[in-house]
Amino acid sequence: MPELETFKTNPVLFKEKAELLKVLAHPVRLCIVRGLLSNEECNVSHIQNCLEVPQSTISQHLAKLRSARIIEGRRSGLEVFYRVINDDARKIVQLLFNG
485 MPELETFKTN PVLFKEKAEL LKVLAHPVRL CIVRGLLSNE ECNVSHIQNC
535 LEVPQSTISQ HLAKLRSARI IEGRRSGLEV FYRVINDDAR KIVQLLFNG
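The numbers in our numbering rise by one with no breaks, and the one at position 45 of the sequence shown is 529.
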């Protein structure tokens, strides 16, 4: 089985993929990533209005997504606009919601 051989030769790869899945496994983070894919980029206020979740909660989830290198922020004046930069995350979310 090639998968087991790959795991034996490169367990770090499997750990990285599992960590990506863990970060995406929260409903709010999954919704944020899906929304960013639909809109290309959004600021915190827009995300908060769409989800109706407190700004502090959104910020915590954005921090986890940034830390996992799923999203990145672009500062424009006082606002930060976020976008998805991780191709694996993009493919996973598209597969989940687009079949």
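Just so you know, even glycine gets a beta-carbon here, dropped at the ideal spot from N, CA and C. Keep in mind the model is a prediction, meaning the values are calculated, not measured.
- Per DSSP, the beta bridge partners of E556 are R567.
- The shortest CA-to-CA distance from I554 to any of V537, N527 and L505 is the one to L505.
- In the displayed model, N527 falls within a strand according to three-state DSSP.
- Excluding residues up to 5 positions away in sequence, G519, L520, F565 and Y566 lie with their Cβ nearer than 7 Å to the Cβ of C526 in the same chain.
- Per DSSP, V496 is one residue of the alpha helix (DSSP H) stretching across P495 to L508.
- Using a Cβ distance threshold of 8 Å, L549 and I576 do not count as a contacting pair.
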